[in-house]
Amino acid sequence: MELRSVWSLLVAGAVACVAPGRDDGERAEAGLAAEEEPARVDAAIAADDEEPELPVPEPVAAATPQMCPPEMVLVEGRYCPDVVHICRRWVDPPGRFHDFRCAEYAPSVCKSRARKPLRFCIDRDEFTAPGELLPQVNHSWSSAKKACTAMGKRLCVESEWQFACEGEDMRPYPYGFVRDAGACNIDRGNIMGKKAPVDFREPAGSHARCVSPFGVRDMSGNIEEWATIDGVTAKGQRSTMKGAWWLPGRNHCRARTLGHGEIYFGPQIGVRCCKDVGR
67 MELRSVWSLL
77 VAGAVACVAP
87 GRDDGERAEA
97 GLAAEEEPAR
107 VDAAIAADDE
117 EPELPVPEPV
127 AAATPQMCPP
137 EMVLVEGRYC
147 PDVVHICRRW
157 VDPPGRFHDF
167 RCAEYAPSVC
177 KSRARKPLRF
187 CIDRDEFTAP
197 GELLPQVNHS
207 WSSAKKACTA
217 MGKRLCVESE
227 WQFACEGEDM
237 RPYPYGFVRD
247 AGACNIDRGN
257 IMGKKAPVDF
267 REPAGSHARC
277 VSPFGVRDMS
287 GNIEEWATID
297 GVTAKGQRST
307 MKGAWWLPGR
317 NHCRARTLGH
327 GEIYFGPQIG
337 VRCCKDVGR
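Residue numbering for the sequence shown follows my numbering, beginning at 67 and increasing consecutively.
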């Protein structure tokens with residue numbers, strides 16, 4: 067099966083389903099939300115692609131207390147587990163995808179009785195193999211965990227990923243409350259054009275404005291990233307995908323995709339790692 071056929075299945079899933087079950091709190095990403103038929107999409111991807119080889123960890127200076135490795139940034143502050151986002155206006159006109167991409171949010175409200183202190187290191191950029199320009203993809207949740215472990219790190223849990231993206235002011239987008247299609251690699255509309263390339267990845271960190279309050283880059287769009295759910299879902303699921311990719315999706319910090327299991331891998335999904343401070 068050619069890559070275009072794989073993408074046809076992915077995009078078909080986007081049109082077929084926008085709303086997952088209520089247990090994920092939100093509709094899944096427009097391009098990967100086919101919860102009715104994840105097995106068909108997963109089988110098509112797995113038939114043609116192989117999971118990437120694990121990266122060889124490069125020697126780095128040992129981290130000292132209160133310090134992160136050079137390629138990581140420190141995230142420290144008080145995280146709100148339960149946030150209310152209210153959209154003031156929408157990008158999409160009335161129709162099937164109405165109330166999907168928010169153009170502007172009101173200031174976020176923390177509903178939690180207490181915030182949770184967090185302190186950890188996170189990769190500044192999506193993982194890119196040595197000598198390559200584009201973020202590495204075709205990672206499953208399982209291979210993403212192994213890749214992080216091979217580098218002396220670990221896969222981020224969802225609360226860490228979200229806090230690194232939104233900061234203490236609970237930004238819906240890493241750069242603020244107003245959606246900016248030019249800030250990050252998002253809202254590509256011609257991914258299935260007859261002559262257009264299907265791979266719109268861009269070099270990690272190449273969008274100067276796609277930066278979170280902590281200095282983490284590309285947490286909205288470019289490639290989707292695996293994370294581990296805090297606990298498990300009602301169905302026992304441990305994995306989630308965060309940040310969305312380059313298609314027209316929600317692309318905000320709290321959005322999640324649960325429509326694929328731990329062994330799914332595809333040409334739009336990669337990895338970003340976390341690490342305990344001082345380890």
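Glycine is no exception: its CB is placed at the ideal position from the N, C-alpha and C atoms.
Quick check: what's the CA-CA separation for residue i versus residue j?
i	j	result
Ser225	Val277	18 Å
Tyr171	Cys153	4 Å
Ala180	Val298	21 Å
Ala300	Arg320	19 Å
Pro160	Phe166	10 Å
Glu198	Pro269	9 Å
Asp346	Ala213	With the chain represented from 67 up to 345, any question about residue 346 goes unanswered, as that position is not in the structure.
Ile252	His326	21 Å
Val223	Arg338	11 Å
Arg162	Pro314	14 Å
Gly97	Arg316	Any reading at Gly97 is ruled out, since the residue's pLDDT is 38, under 50, leaving its predicted position unreliable.
Arg322	Thr306	6 Å
Val343	Phe280	15 Å
Ala216	Val141	22 Å
Phe193	Arg155	34 Å
Glu291	Trp312	12 Å
Phe186	Arg304	20 Å
Asp246	Ile257	19 Å
Ala293	Glu137	19 Å
Asn204	Arg267	13 Å
Under 6 Å Cβ to Cβ from residue i, same chain only, skipping five residues before and after it: list those, please.
i	result
Gly143	Glu234
Arg275	Tyr241 and Ala249
Val175	Val150
Met285	Cys231, Pro240, Ser278 and Gly309
Asp148	Lys177 and Ser178
What residue does the beta strand (DSSP E) around residue i start on, and which one ends it?
i	result
Trp156	Cys153 to Trp156
Cys187	Lys182 to Asp189
Glu268	Where Glu268 is concerned, there is no enclosing beta strand (DSSP E), given that its DSSP letter is neither H nor E.
Glu137	Segment: none, Glu137 is in no beta strand (DSSP E) and carries neither H nor E.
Ala293	Glu290 to Thr294
Ser305	Ser305 to Lys308
Cys340	Cys339 to Lys341
Would you call residue i buried or exposed, if buried means 16 or more other Cβ atoms sit within 10 Å of its Cβ?
i	result
Ser178	exposed
Gly255	exposed
Ile335	buried
Ala105	Caution is warranted here: a pLDDT of 35 is assigned to Ala105, below 50, making its placement in the model unreliable, and the coordinate value is therefore given only provisionally. Ala105 should be labelled exposed.
Lys211	buried
Pro183	exposed
His164	exposed
Pro351	The structure shown does not extend to residue 351, since the chain is modelled only from 67 through 345, so no value can be given for it.
Are the beta-carbon atoms of residue i and residue j separated by less than 8 Å?
i	j	result
Pro196	Ile289	no
Val282	Val139	yes
Asp191	Gly287	no
Cys168	Lys341	no
Ile329	Ser208	yes
With residue i as the anchor, note down where its alpha helix (DSSP H) starts and where it stops.
i	result
Cys168	Where Cys168 is concerned, there is no enclosing alpha helix (DSSP H), although the beta strand (DSSP E) it sits in stretches over Cys168 to Tyr171.
Ser208	Trp207 to Ala216
Trp227	Glu224 to Glu232
Quick one: residues in its chain with C-beta nearer than 8 Å to the C-beta of residue i, no 5 flanking neighbours on either side, listed in chain order?
i	result
Gln228	Tyr145, Lys308, Cys319 and Arg320
Please work out which residues of its chain come closer than 7 Å, Cβ to Cβ, to residue i, disregarding the five sequence neighbours upstream and downstream, and give them in chain order.
i	result
Asp265	Pro333
Arg220	Cys214, Cys339, Cys340 and Lys341
Met236	Cys146, Val149, Ser174 and Cys176
Ser206	Glu117, Glu328, Ile329, Tyr330 and Phe331
Does the beta-carbon of residue i, which I'm using as the reference point, lie nearer than 7 Å to any heavy atom of the ligand NAD?
i	result
Arg338	Questions concerning the ligand NAD fall outside what the structure shown contains, since it holds no ligand whatsoever.
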